[in-house]
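S.K.: Position one of the sequence shown corresponds to residue 48 (our numbering), numbered consecutively onward. Built from N, CA and C at the ideal position, the CB exists for glycine as well.
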Amino acid sequence: MEEIKLSEISAKSPKSVDKSEAKTKKKYNRNAIRELQTKLFAQKKYSLLVVLQGMDAAGKDGAVRETFKEISPSGICVTSFKKPTEVEMGHDFLWRVHKHVPAKGMISVFNRSHYEDVLIQRVHKWIDMETVHQRYEHINNFEKLLQDNGTIIIKCFLHKSKEEQLIQLNERKTELSKHWKHNPNDYKEREHWDEYMEAYEDVFKYCGPEIPWNIIPSDENWYKEYLLSEIVREKLESLDLEYPPLKE
Numbered sequence: 048m049e050e051i052k053l054s055e056i057s058a059k060s061p062k063s064v065d066k067s068e069a070k071t072k073k074k075y076n077r078n079a080i081r082e083l084q085t086k087l088f089a090q091k092k093y094s095l096l097v098v099l100q101g102m103d104a105a106g107k108d109g110a111v112r113e114t115f116k117e118i119s120p121s122g123i124c125v126t127s128f129k130k131p132t133e134v135e136m137g138h139d140f141l142w143r144v145h146k147h148v149p150a151k152g153m154i155s156v157f158n159r160s161h162y163e164d165v166l167i168q169r170v171h172k173w174i175d176m177e178t179v180h181q182r183y184e185h186i187n188n189f190e191k192l193l194q195d196n197g198t199i200i201i202k203c204f205l206h207k208s209k210e211e212q213l214i215q216l217n218e219r220k221t222e223l224s225k226h227w228k229h230n231p232n233d234y235k236e237r238e239h240w241d242e243y244m245e246a247y248e249d250v251f252k253y254c255g256p257e258i259p260w261n262i263i264p265s266d267e268n269w270y271k272e273y274l275l276s277e278i279v280r281e282k283l284e285s286l287d288l289e290y291p292p293l294k295e
């Protein structure tokens, strides 16, 4: 299995990428995604699941908004997975996830996902490593089930540096428009940064080969948004999407 070391990957955009050109291409990608999503919705042969993971303040909400802002709201559903409720804790860890996967013709975005159950629960030692590896296997089987039913899966990790994350967290305390995002617990989670990086690297290793992870440098919003839009457009274009014929 290929190993990904996040410490060896820059969270900044490559110097070879022009910011202005990337923004122009992002607009093109968004329009292309709109046209492709219409065909996806009409054809109802496939569905698309976009899994977004990342540390706090990685910019998941903004990435979703900028990538899918041109498409019809009727064709997309965004689900944010937070701390499990008491009812959810009474079931297997995938129970609350399965009901949110996209029906044929639909796009679903997971802002955090089933991977939280092998990340935060591992880091805080709420489950042991034997359980973590069991869950890797369950996740792989779950995603294979979705694929076998026509669901195309895109998995992305928004790679933000620890330094940039602190800047973003502090802005939530100083900028009025971001006050609502402030959560003191985010600073406590920062104390486990290295443990989270290790947990993510194991996720890439054990839940990656068949559906590879896209590591998206996210210190600069413009590059993050461009790259995600590029990935989604290319994946949709790889499908045999077409409008269904006229019904006589």
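(1) Could you check the C-alpha separation between V279 and D287 for me, to the nearest Å?
(2) If K116 and E289 are in contact, beta carbons under 8 Å, what's the gap, nearest whole angstrom?
(3) Which term fits M176, buried or exposed, when burial requires 16 or more other beta carbons within 10 angstroms of its beta carbon?
(4) Measure the alpha-carbon distance for M102 versus H206 and round it to whole angstroms.
(5) In the DSSP output, what is T126 paired with across the bridge?
(6) Cutting at 8 Å between CB atoms, please list the residues of its own chain near S57, excluding the five before and the five after it.
(7) Any chance the segment 209 to 227 sits against the segment 164 to 180, with 3 or more Cβ pairs inside 8 Å?
(8) Would you check if the segment 92 to 99 and the segment 196 to 216 touch, i.e. whether three or more CB-CB distances between them fall below 8 Å?
(9) Please classify E222 as buried or exposed, where buried requires at least 16 other C-beta atoms within 10 Å of its C-beta.
(10) Leaving out five residues on either side along the sequence, give the residues of the same chain with a beta carbon under 7 Å from the beta carbon of A89.
(11) What is the DSSP secondary structure of N261, reduced to helix, strand or coil?
(12) Assign V98 to one of three DSSP states: helix, strand, or coil.
(13) Give me, in chain order, the residues of the same chain whose beta-carbon lies closer than 8 Å to that of I302; leave out the 5 immediate sequence neighbours on both sides.
(14) For D204, name the three-state secondary structure that DSSP assigns.
(15) In chain order, what residues of the same chain have a beta carbon less than 8 Å from the beta carbon of N158, not counting five sequence neighbours either side?
(16) Can you list, in chain order, the residues of its chain whose CB lies under 7 Å from that of K66, leaving out five sequence neighbours each side?
(17) Assuming the contact rule is C-beta atoms closer than 8 Å, L141 and H180 should be a hit. Round their C-beta distance to whole Å, please.
(18) Three-state secondary structure (DSSP) at T114?
(19) Whole angstroms is fine: what's the gap from E242's alpha carbon to P120's?
M.R.: Once the coordinates are examined:
(1) 15 Å
(2) The pair is not a contact, with the Cβ atoms about 25 Å apart (cut-off 8 Å).
(3) exposed
(4) Take the alpha-carbon of M102 and the one of H206: they are about 8 Å apart.
(5) F157
(6) P264
(7) The segment 209 to 227, when compared against the segment 164 to 180, does not touch it at the 8 Å Cβ threshold.
(8) Counting Cβ pairs under 8 Å, three or more are found: they touch.
(9) With fewer than 16 neighbouring CB atoms inside 10 Å of its own CB, E222 falls in the exposed class.
(10) Y290 and P291
(11) strand
(12) strand
(13) What the structure shows of the chain is the stretch from 48 to 295, and residue 302 is not part of that stretch, so it cannot be assessed.
(14) For the record, residue 204 in the displayed sequence is Phe; it is not Asp. Here F204 sits in strand by DSSP.
(15) L99, K107, D108, V111, V125, T126, S127 and F128
(16) W269
(17) With a beta-carbon spacing of about 16 Å, L141 and H180 fall beyond the 8 Å limit used to define contacts.
(18) helix
(19) Straight-line measurement puts the Cα of P120 at about 37 Å from the Cα of E242.
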